[in-house]
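**Student:** Residue numbering for the sequence shown follows the numbering used here, starting at 128 and increasing by one per position. All residues carry an ideal CB built from backbone N, CA and C; glycine is no exception.
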Amino acid sequence: MTTIIYSVLFAFLISMLLGLIFIPLLHKLKFGQNIREEGPKSHQKKTGTPTMGGCIFILSSIIVMFLIVRNPSDEAMIALYSFIAFGAIGALDDGLKILKKNNLGLRAYQKFILLIVVSGILAFYANSNIGTTIFIPFVQKTWNLGKWYIPCVIFYYAATTNSVNLTDGLDGLATSITLLVMTFFSLLSLSRGNYTLAIFCGIVAGSLLGFLRFNSFPAQVFMGDTGSLALGGAVATVALILKLPLIIIIVGGIYLCEALSVILQVASFKLTGKRIFKMSPIHHHFELSGWHETKVVAVFSIATVILCLIGFLSLSVIF
């Protein structure tokens, strides 16, 4: 437990230090975010804020993992590799947006292919090394997906990474939510005896806490797709290793709501010509309803704390 605490503190300090180094560098390189014109008007003033800030907490996590974890388990290293791999896809997307000076990076099919490749590799690894059985929260049962395991895992990765990506729309929102989710997984991993996986989750949480210093309102830097895809990949992999991918529906309830709001909005508009929300993802709906973005972040974070507590209750039968 002491090592986990030291890891969190060290990751926090390294992330803070890297933020002080990287943000001026991103300004100098003119790695500014281009804000979508169809987004809330209040967001237009954020144009030019440095992006690709996800590099800060990714690099911090890598440094601390290799400095503190002497003999990491295979599971912890797979979680780290997925963190890096999905982050690399996001970095490529962010880089193209910066070069093109617009909000269009990788084409949808290009990003889809890259996500499928990385997800497929991880799915085959999990199929061979973790097994095709998953736990079902709230009931003392398991579910063997058998031959459907690999396609289900690929879909699971696509859904989780894109949901976290959609959540990253307000200053500090995805950072705060994922900090809480990774803290949940750190405690859960520790309770189930997966010590180095608990350390990895703690390190990511500590790195996000340091990053939040620069990403909270008014943000000095955005994580970009570099950060959001990396976090989605890490969250999905940790849950998969614990054989609890379904727990994401509970503890990642905010991710789910963000994704569903977009799906429902598009479906409603195409079928009826009417919109359900003032704007999607749903955090923009609350903004346009008069909530300041700091209030949205606070309320969504409180909801995530409650959801994580419910997550612990749902797993009490398998501790």
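With a 10 Å radius around its C-beta and 16 neighbouring C-beta atoms as the bar for buried, classify Gln-171 as buried or exposed.
**Tutor:** By the neighbour-count rule (16 or more Cβ atoms within 10 Å), Gln-171 is not buried but exposed.
**Student:** Which residue spans inside the region 351-405 form an unbroken alpha helix (DSSP H) run of at least 4?
**Tutor:** Runs of the alpha helix (DSSP H) inside the region 351-405: 351-368, 375-378, 380-399.
**Student:** Starting from the C-beta of Leu-219, find all residues in its chain whose C-beta is less than 8 Å away, skip the five residues before and the five after it, and write them out in chain order.
**Tutor:** Cβ within range, chain order: Gly-232, Leu-233, Leu-241.
**Student:** Using 10 angstroms around the beta-carbon of Ser-103, count the other beta-carbons present and answer buried if the total reaches 16, otherwise exposed.
**Tutor:** Since the first and last residues shown for the chain are 128 and 446, residue 103 lies out of range.
**Student:** Label Gln-267 either buried or exposed according to how many other C-beta atoms from any shown protein chain fall within 10 Å of its C-beta, with 16 as the threshold for buried.
**Tutor:** Exposed, since its Cβ has fewer than 16 Cβ neighbours within 10 Å.
**Student:** Which residues in the same chain have their Cβ closer than 6 Å to the Cβ of Ile-190, if we skip the five residues on either side of it in sequence?
**Tutor:** So the qualifying residues of the chain are Ile-141.
**Student:** Examine the Cβ distances between the region 332-342 and the region 144-155 and report whether three or more of them are shorter than 8 Å.
**Tutor:** Contact holds: three or more Cβ-Cβ distances are below 8 Å.
**Student:** Run through DSSP, which three-state label would Phe-193 get?
**Tutor:** It is helical.
**Student:** Is it right to say Ser-255 is buried, meaning 16 or more other beta carbons lie within 10 angstroms of its own, or is it exposed?
**Tutor:** Exposed, since its Cβ has fewer than 16 Cβ neighbours within 10 Å.
**Student:** Measuring straight from C-alpha to C-alpha, what distance separates Tyr-208 and Ile-185?
**Tutor:** Each residue's alpha carbon lies about 11 Å from the other.
**Student:** Using three-state DSSP, classify Asn-289 as helix, strand or coil.
**Tutor:** Helix at Asn-289.
**Student:** Alpha carbon to alpha carbon, what distance is there between Thr-259 and Ala-253?
**Tutor:** The straight-line gap from Cα to Cα measures roughly 8 Å.
**Student:** Assign Pro-151 to one of three DSSP states: helix, strand, or coil.
**Tutor:** Residue state, collapsed to three classes: helix.
**Student:** Just verifying my parser: in three-state terms, what is the DSSP assignment at Ile-257?
**Tutor:** Ile-257: coil per DSSP, three-state reduction.
**Student:** Mind reading off the beta-carbon distance from Val-423 to Leu-297? Whole number of angstroms is fine, and I expect it under 8 Å.
**Tutor:** So it is a contact: roughly 6 Å between Cβ atoms.
**Student:** Determine the contact status of Leu-434 and Val-378, defining contact as a CB-CB distance below 8 Å.
**Tutor:** Against a cut-off of 8 Å, the Cβ pair of Val-378 and Leu-434 comes out as a contact.
**Student:** What number of angstroms, rounded off, separates the C-alpha of Gly-360 from the C-alpha of Phe-311?
**Tutor:** Computed Cα separation, rounded: 16 Å.
**Student:** Trp-418 by DSSP, collapsed to three states: which one?
**Tutor:** The answer is coil: DSSP assigns Trp-418 none of H, G, I, E or B.
**Student:** Looking only at C-alpha atoms, which of Cys-279, Ile-304, Asn-198, Ala-285 sits nearest to Phe-239?
**Tutor:** Checked all of Cys-279, Ile-304, Asn-198, Ala-285; the closest Cα to Phe-239 is Ala-285.
**Student:** Could you spell out the range, first to last residue, of the alpha helix (DSSP H) harbouring Thr-305?
**Tutor:** Counting along the chain, the alpha helix (DSSP H) containing Thr-305 begins and ends at 300-318.
**Student:** Determine the closest residue to Leu-315 out of Tyr-283, Ser-355, Ala-366, with distance taken between C-alpha atoms.
**Tutor:** Here the closest residue by C-alpha is Ala-366.
**Student:** Buried or exposed: which applies to His-419, given that a residue is buried once 16 or more other Cβ atoms fall within 10 Å of its Cβ?
**Tutor:** Answer is exposed; the Cβ neighbour count stays below 16.
**Student:** When DSSP labels each residue in this structure, what does Lys-238 get in the three-state scheme?
**Tutor:** Helix at Lys-238.
**Student:** Using 8 Å for Cβ pairs, my map puts Ile-205 next to Ile-326. What's the rounded Cβ distance?
**Tutor:** Not a contact, Cβ separation roughly 14 Å.
**Student:** In terms of alpha-carbon separation, which member of Ile-403, Leu-373, Ser-407, Ser-395 lies closest to Ala-386?
**Tutor:** When each option's Cα is compared against that of Ala-386, the closest is Ser-407.
**Student:** In this structure, what does DSSP give as the bridge partners for Phe-262?
**Tutor:** Phe-262 is bridged to Thr-269.
**Student:** In whole angstroms, what separates the C-alpha of Leu-440 from that of Asp-295?
**Tutor:** C-alpha separation (whole angstroms): 28 Å.
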